[in-house]
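There are 2 protein chains.
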Amino acid sequence: MSDKARGALVIIGGAEDKRGHMQILREFVAKAGGSHARIVVMTVATELPIEVGAEYVEVFESIGVADVRTFDVSSREAADRPSACKAIEQATGVFFTGGEQLRITTLLGGTRIDAALHSGHEQGLVLAGTSAGASMMSSTMIVDGRAETNPRIGIVQMAPGMEFIDGVVIDQHFAQRGRLGRLLSAVAQYPHHLGLGIDEDTAIVVTGSTLEVMGKGAVSVVDAGALWYSNLGHLREGDPLALHGVKLHILPAGYRFDLRERQPLKERSAGSGQE
Amino acid sequence: MSDKARGALVIIGGAEDKRGHMQILREFVAKAGGSHARIVVMTVATELPIEVGAEYVEVFESIGVADVRTFDVSSREAADRPSACKAIEQATGVFFTGGEQLRITTLLGGTRIDAALHSGHEQGLVLAGTSAGASMMSSTMIVDGRAETNPRIGIVQMAPGMEFIDGVVIDQHFAQRGRLGRLLSAVAQYPHHLGLGIDEDTAIVVTGSTLEVMGKGAVSVVDAGALWYSNLGHLREGDPLALHGVKLHILPAGYRFDLRERQPLKERSAGSGQE
Numbered sequence: 304m305s306d307k308a309r310g311a312l313v314i315i316g317g318a319e320d321k322r323g324h325m326q327i328l329r330e331f332v333a334k335a336g337g338s339h340a341r342i343v344v345m346t347v348a349t350e351l352p353i354e355v356g357a358e359y360v361e362v363f364e365s366i367g368v369a370d371v372r373t374f375d376v377s378s379r380e381a382a383d384r385p386s387a388c389k390a391i392e393q394a395t396g397v398f399f400t401g402g403e404q405l406r407i408t409t410l411l412g413g414t415r416i417d418a419a420l421h422s423g424h425e426q427g428l429v430l431a432g433t434s435a436g437a438s439m440m441s442s443t444m445i446v447d448g449r450a451e452t453n454p455r456i457g458i459v460q461m462a463p464g465m466e467f468i469d470g471v472v473i474d475q476h477f478a479q480r481g482r483l484g485r486l487l488s489a490v491a492q493y494p495h496h497l498g499l500g501i502d503e504d505t506a507i508v509v510t511g512s513t514l515e516v517m518g519k520g521a522v523s524v525v526d527a528g529a530l531w532y533s534n535l536g537h538l539r540e541g542d543p544l545a546l547h548g549v550k551l552h553i554l555p556a557g558y559r560f561d562l563r564e565r566q567p568l569k570e571r572s573a574g575s576g577q578e
Numbered sequence: 304m305s306d307k308a309r310g311a312l313v314i315i316g317g318a319e320d321k322r323g324h325m326q327i328l329r330e331f332v333a334k335a336g337g338s339h340a341r342i343v344v345m346t347v348a349t350e351l352p353i354e355v356g357a358e359y360v361e362v363f364e365s366i367g368v369a370d371v372r373t374f375d376v377s378s379r380e381a382a383d384r385p386s387a388c389k390a391i392e393q394a395t396g397v398f399f400t401g402g403e404q405l406r407i408t409t410l411l412g413g414t415r416i417d418a419a420l421h422s423g424h425e426q427g428l429v430l431a432g433t434s435a436g437a438s439m440m441s442s443t444m445i446v447d448g449r450a451e452t453n454p455r456i457g458i459v460q461m462a463p464g465m466e467f468i469d470g471v472v473i474d475q476h477f478a479q480r481g482r483l484g485r486l487l488s489a490v491a492q493y494p495h496h497l498g499l500g501i502d503e504d505t506a507i508v509v510t511g512s513t514l515e516v517m518g519k520g521a522v523s524v525v526d527a528g529a530l531w532y533s534n535l536g537h538l539r540e541g542d543p544l545a546l547h548g549v550k551l552h553i554l555p556a557g558y559r560f561d562l563r564e565r566q567p568l569k570e571r572s573a574g575s576g577q578e
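Quick mapping for you: the protein sequence lines, in order, are chains H and X. Everything in the first sequence is counted per this note's numbering, starting at 304 for the first residue and increasing by one. Everything in the second sequence is counted per this note's numbering, starting at 304 for the first residue and increasing by one.
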């Protein structure tokens, strides 16, 4: 159960490249064992499991993975059948598609599949998720919220996530959808959590307590732990937030961040792999 | 020439309310003398000077200003005629409409009107500008740039502004158009300048070295002076920026900021007026 044994997390800000070099999806496959990987595409978030599942199967096969299967869950009963866990237990990587994060947590949370994912992850199972599949990774997740607004009370809805990573709140499609305001609204309420705003076609690869960025855009790390003043105490729904002293780091591909120390690492990683 | 004598600046992030309570435009009028104000609506930024001018004349008249006139300049020769300055010299407030900020600086910069605006401002003339009229206020201004992207080299075009306020770079329509990336790209190159991202229907009123926020949204103050690392030194056009340790303050209506100390003031102002 040490950090070494845990599987990597590949958390993607949505709209990752599926036709070109597919750098992010290739990295997920590499982490999960390359051509020997056994990949489960988990479509629970989407209401179009067949179409979305088929697309990812094609992608992963084109990358050279022989063993790819889709997995959909449409009821908690189904997620609680012992037989349902077999695919997870045999997988080396599970990929969560986009859709709605609340579908993931409400269908899987507390079921046997949830337990299988966690115990697998502790023993090296690599987990990846894009868009909704990214948001659900944390202990507290953003469910929904208004974009392109200044931070306000009540514009962001939070809920418990799947708890694969602690101490962060993740937002996706970050720069593309102007989501700084909603991520700030979230972390202002949970200043002990770091806000990670992941752009489209951009991912973080988390190993131990270090994350490394890859892909086209950047990750905005919003640290409200440094706040020396906010007006959160006495606001009503819709009121604008005042926040003094937020720390902001912009990390493009190759840059790393120490989640425990809440500090960017200065040196870039040499290659794609990292400890 | 002391701070006391200088006129206030009312710098508006665009799309200010012109039909409802018109709080921001009323504040400009109040600063410029209320019903005794002599307002010049400067339409040099827009290619529709007649329509835009007429709209603001109607607005300011509805607020109770008897003496409102529009002023358009379509050539540098016109801006350099001694007679052109008369309206400016007699005004108590000049309002710059939206349009293109480069039209303002290229048509007015260095002309007699430019000089008249500056000498008037030193003696109490109140200056206001919205959108393009906001951007041009600073010494270095954002001319254009990509929105909804992470910070990158070359996505933001800068040029000299009209120099009514030092030490800041202003962006407008800030949250609404997802402009964090471009403002960060700008201040990363000029870390001694504070980035002021002003939302729509939101304004800063600058008196002396203090700004106060008013309106519906917020002002995002981006302070790259705190940067402890950036990769700016060795990048090519289009490359993503890495920025470690940006300071970010979110200031909604009533909050104030000391531009000289680069610090938010904790206490909100009691009313609309301030020293």
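Cβ atoms here follow ideal geometry from the backbone N, Cα and C, with glycine treated the same way. All values derive from a computational prediction rather than experimental measurement.
Around the C-beta of PRO555 of chain X, 16 or more other C-beta atoms lie within 10 Å, and the residue is accordingly described as buried. The C-beta distance from VAL446 of chain X to LEU487 of chain X rounds to 16 Å, too long to meet the 8 Å contact threshold.
For LYS550 of chain X, the enclosing beta strand (DSSP E) stretches over residues 546–555.
In the displayed model, ASP417 of chain H falls within a helix according to three-state DSSP. For VAL549 of chain H, the chain X residues whose C-beta falls within less than 8 Å of its own C-beta are LYS550, LEU551, HIS552, ILE553, listed in chain order. For chain X, the residues of the stretch 441–475 of chain H that bring a beta carbon within less than 7 Å of one of its beta carbons are GLU451, THR452, ASN453, PRO454, in chain order. PRO543 of chain X is bridged by DSSP to X:ARG455.
Per DSSP, the continuous beta strand (DSSP E) segment holding ALA521 of chain X begins and ends at 521–526.
In the three-state reduction of the DSSP assignment, VAL368 of chain H falls in the coil class. For PHE560 of chain X, there is no enclosing alpha helix (DSSP H); the enclosing beta strand (DSSP E) has its first and last residue at 559–561. The alpha-carbon of VAL371 of chain X is positioned some 19 Å away from that of ASP320 of chain X. In this chain, GLN479 of chain X is not harboured by any alpha helix (DSSP H), its DSSP state being neither H nor E. Proximity of chain X to GLY520 of chain H at the Cβ level (cut-off 8 Å) is accounted for by THR452, ASN453, PRO543, in chain order.
Pairwise C-beta distances place the stretch 510–525 of chain H out of contact with the stretch 462–478 of chain X, as fewer than three of them are shorter than 8 Å. Selection X:ILE416, X:LEU312, X:GLY432, X:THR414 evaluated against THR349 of chain X yields X:GLY432 as nearest (Cα-Cα).
Within chain X, the C-beta atoms nearer than 8 Å to that of ALA478 of chain H come from GLU451, THR452, ASN453, GLY481, LEU483, GLY484, in chain order.
Under the three-state reduction of DSSP output, VAL508 of chain X falls in the strand class.
If you compare the alpha carbons of X:TYR558, X:VAL397, X:LEU544, X:PHE477 with that of GLY557 of chain H, the shortest gap goes to X:LEU544. A contact is defined here as three or more CB-CB pairs under 8 Å, and the stretch 422–440 of chain X fails this definition with respect to the stretch 439–457 of chain H.
By the CB criterion at 8 Å, THR510 of chain H and ALA311 of chain H fall inside the cutoff.
A straight-line Cα-Cα distance of about 38 Å links PHE477 of chain H and GLY412 of chain X. Within the stretch 496–527 of chain H, ASP502, GLY520, ALA521 place their CB atoms closer than 7 Å to a CB of chain X, listed in sequence order. Around the beta-carbon of PRO385 of chain X, fewer than 16 other beta-carbon atoms lie within 10 Å, marking it exposed. A Cβ-Cβ contact shorter than 8 Å links VAL360 of chain X with VAL344 of chain X.
Residues of the same chain with a CB within less than 7 Å of the CB of ARG406 of chain H, apart from the 5 flanking positions on each side, are VAL347, ALA348 in chain order. Interface residue (Cβ-Cβ distance to chain X less than 8 Å): LEU411 of chain H is not classified as such.
For LEU328 of chain X, the uninterrupted alpha helix (DSSP H) segment begins and ends at 326–334. DSSP lists no bridge partner for GLU425 of chain X. Under the three-state reduction of DSSP, TYR532 of chain H is assigned to strand.
Leaving aside the five residues that flank GLY402 of chain H on each side, the residues in its chain whose CB is nearer than 7 Å to its CB run, in chain order, ALA348, THR349, GLU350, ALA435. In the three-state scheme derived from DSSP, where H, G and I count as helix and E and B as strand, THR409 of chain X is classed as helix. Excluding sequence positions up to five before and after ALA462 of chain H, its CB lies within less than 7 Å of the CB of LEU405, THR408, MET444, VAL446, all in the same chain and listed in chain order.
As computed with DSSP, LEU514 of chain H is found in a beta bridge with H:VAL509, H:PHE560. The three-state secondary structure of LEU487 of chain X, taken from DSSP, is helix. Less than 8 Å separates the beta-carbon of ALA340 of chain H from that of THR395 of chain H.
The beta carbons of ARG485 of chain H and VAL459 of chain H sit about 5 Å from each other, so the pair counts as a contact at 8 Å.
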